[in-house]
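Every position in the sequence shown, counted from 1, becomes a number in the working numbering once 580 is added. Quick reminder that beta carbons are idealized off the backbone N, C-alpha and C, glycines included. Notes for the one structure printed next.
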Amino acid sequence: MSGNSEQAAWTPDSWKTKPIKQDVVYDNPEELSTVLTRITNMPPLVSATEIDRLRAQLKDVAEGHAFLLQGGDCAESFDYCNPTAIEDKLKVLLQMSLVLLWGLRQPIVRIARMAGQYAKPR
């Protein structure tokens with residue numbers, strides 16, 4: 581970490597000020613605008629309360645009072661992004677956490693990485 585205290589605060593549009601290292605060319609700018617407008621008007625994926633709870637849980641992990649279990653795919657295909665496939669992944673993650681909970685005898689913090697590659701510029 582640089583320790584630069586003058587770093588700009590995050591905002592929903594702050595990504596636009598970052599350097600472009602892997603540019604994406606959109607064939608249809610009007611469709612892009614439509615999608616961005618639609619996404620902007622959707623509710624957040626997680627609530628502020630969930631974020632605060634996760635921060636507290638990650639603090640417990642960092643202090644050795646809990647174990648972090650992270651699971652999910654690195655590069656799912658669009659065809660594999662459906663409710664059944666997601667439910668199956670979550671079931672495996674929960675089963676793994678139960679085994680760890682029984683063996684470690686400490687809280688397990690579960691993090692599922694789903695559809696992560698959709699946010700990556702290609």
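- Within the same chain, and ignoring the five residues on either side of residue 681 in sequence, the residues whose Cβ sits closer than 6 Å to its Cβ are 688.
- In the DSSP assignment, residue 692 falls within the beta strand (DSSP E) that extends over 688-693.
- When DSSP reads this structure, residue 652 sits in a beta bridge with 693.
- Per DSSP, the beta-bridge partners of residue 647 are 688.
- Counting of Cβ neighbours within 10 angstroms places residue 673 among the buried residues, the total reaching 16 or more.
- Bounds of the alpha helix (DSSP H) holding residue 620 are 609-620.
- Looking at the backbone, the Cα of residue 660 and that of residue 607 are separated by about 25 Å.
- Each residue's CA atom was taken as its position, placing residue 612 and residue 683 some 49 Å apart.
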